[in-house]
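Numbering (the working numbering), first residue to last: 153 to 226.
Glycine included, every Cβ here is placed at the ideal spot set by N, Cα and C.
Quick caveat, the model's predicted, so the values are computed rather than measured.
Shown next, in structure tokens, is the structure this report addresses.
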């Protein structure tokens, strides 16, 4: 079973091309009983994207976790 995600809910995946960047945005519902993680995986994602000229954002709001990876289109 996934550690954080509520596997009974759909995952929303959005791909956008805008302002010379490609955005991959993934949102899913967090299980009510999920315990907070260390954030190490999120830090690794952010670092990898920075090394390739991109950026990474994430948020948790009203039980929905969203991660967005922005890749430069050059």
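Expressed to the nearest angstrom, what Euclidean distance is found between the alpha-carbon atoms of residue i and residue j?
{"i": "residue 176", "j": "residue 160", "result": "22 Å"}
{"i": "residue 207", "j": "residue 172", "result": "13 Å"}
{"i": "residue 220", "j": "residue 200", "result": "13 Å"}
{"i": "residue 187", "j": "residue 195", "result": "18 Å"}
{"i": "residue 223", "j": "residue 189", "result": "25 Å"}
So, at 8 Å on beta carbons, what are the nonlocal neighbours of residue i in its own chain, with the 5 sequence-adjacent residues on each side left out?
{"i": "residue 163", "result": "157, 178, 179, 180"}
{"i": "residue 211", "result": "217, 218"}
Using DSSP bridges, identify the partner residues of residue i.
{"i": "residue 219", "result": "178, 210"}
{"i": "residue 167", "result": "176"}
For the ligand ATP, I want to know if residue i counts as a neighbour, meaning its beta carbon is within less than 6 Å of at least one of the ligand's heavy atoms.
{"i": "residue 177", "result": "Of ligands this structure carries none, so the ligand ATP is not represented either."}
Using CA atoms only, rank isn't needed, just tell me which of the options is closest to residue i.
{"i": "residue 182", "options": "225, 209, 214", "result": "214"}
Might you give, ordered along the chain, the residues of its own chain that have their beta carbon closer than 6 Å to the beta carbon of residue i, omitting 5 neighbours on each side?
{"i": "residue 165", "result": "178"}
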